[in-house]
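Taking it in order: structure first as structure tokens, then the write-up.
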Amino acid sequence: MTKLDRIDRRILAELQSDATISNLELAERVGLSPSPCSRRVRQLQERGLIDRTVTLLNRDKLDLTLTIYIQVHMANQLTKTLDNFELRVSEFDEVQECALVTGSDADYLLKVVMPDMAHYEKFLLKQLNQIDGVASIRTSFVLRQVLSRTELPLKHVN
Numbered sequence: 001m002t003k004l005d006r007i008d009r010r011i012l013a014e015l016q017s018d019a020t021i022s023n024l025e026l027a028e029r030v031g032l033s034p035s036p037c038s039r040r041v042r043q044l045q046e047r048g049l050i051d052r053t054v055t056l057l058n059r060d061k062l063d064l065t066l067t068i069y070i071q072v073h074m075a076n077q078l079t080k081t082l083d084n085f086e087l088r089v090s091e092f093d094e095v096q097e098c099a100l101v102t103g104s105d106a107d108y109l110l111k112v113v114m115p116d117m118a119h120y121e122k123f124l125l126k127q128l129n130q131i132d133g134v135a136s137i138r139t140s141f142v143l144r145q146v147l148s149r150t151e152l153p154l155k156h157v158n
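Read in order, the letters of the sequence shown correspond to residues 1 to 158 in full-length UniProt numbering.
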């Protein structure tokens, strides 16, 4: 378990909320002067706690309004089959998340985004169904996004 003090947690929380914040503003928000604040951010990066910095785009304004959760059942759970599926699915830009799961008939749960049903049909028939080992697919379409977070909870971290 990684030990973090109160200031480290505040730095991480602020950066999760807005990674474009200047070091000066960040230092003010967490109660440090700029040099120690910059040093702490660098240390958090070196420790691997800050994985990467990204910009979140507005899906609606980019006409990527269709969000789909796809359950994929594999014909078998051989390492070769699973590795091939994971390699192939990682090549699809539409796939936002892919997880090997338990507790259902599905082996994988995918979250994909795309502009419309025509694109989904093409994705399903020409890409996903073409992967060796895929036995069946079950699809759920998001009607309304109730909650979507990118920030990780930090209150449990000591």
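Ideal placement from N, C-alpha and C gives every residue a C-beta, glycine not left out.
Asked	Found
Identity of the residues DSSP links to His73 by a beta bridge	Ser136
Beta-carbon spacing of Asn129, Leu4 below 8 Å	no
Complete runs of the alpha helix (DSSP H) confined to the UniProt domain "HTH asnC-type" (4-65) [at least 4 residues]	6-17, 23-30 and 34-46
Straight-line gap, Gly48 to Asp8 (C-alpha atoms, nearest Å)	13 Å
C-beta contact flag for Leu24 and Ile11 at 8 Å	no
Buried versus exposed, by CB contacts within 10 Å (16 or more), Gly133	buried
Best match in Thr65, Glu97 and Pro36 for proximity to Arg144 [C-alpha to C-alpha]	Thr65
The stretch 40-58 touching the stretch 87-99, judged by at least three CB pairs closer than 8 Å	no
Residues that Tyr108 bridges to, as DSSP identifies them	Val72 and Leu100
Which listed residue (Leu109, Ser22, Ala99 and Ile131) has its alpha carbon closest to that of Tyr69	Leu109
Burial state of Asp107 (16 or more Cβ within 10 Å)	buried
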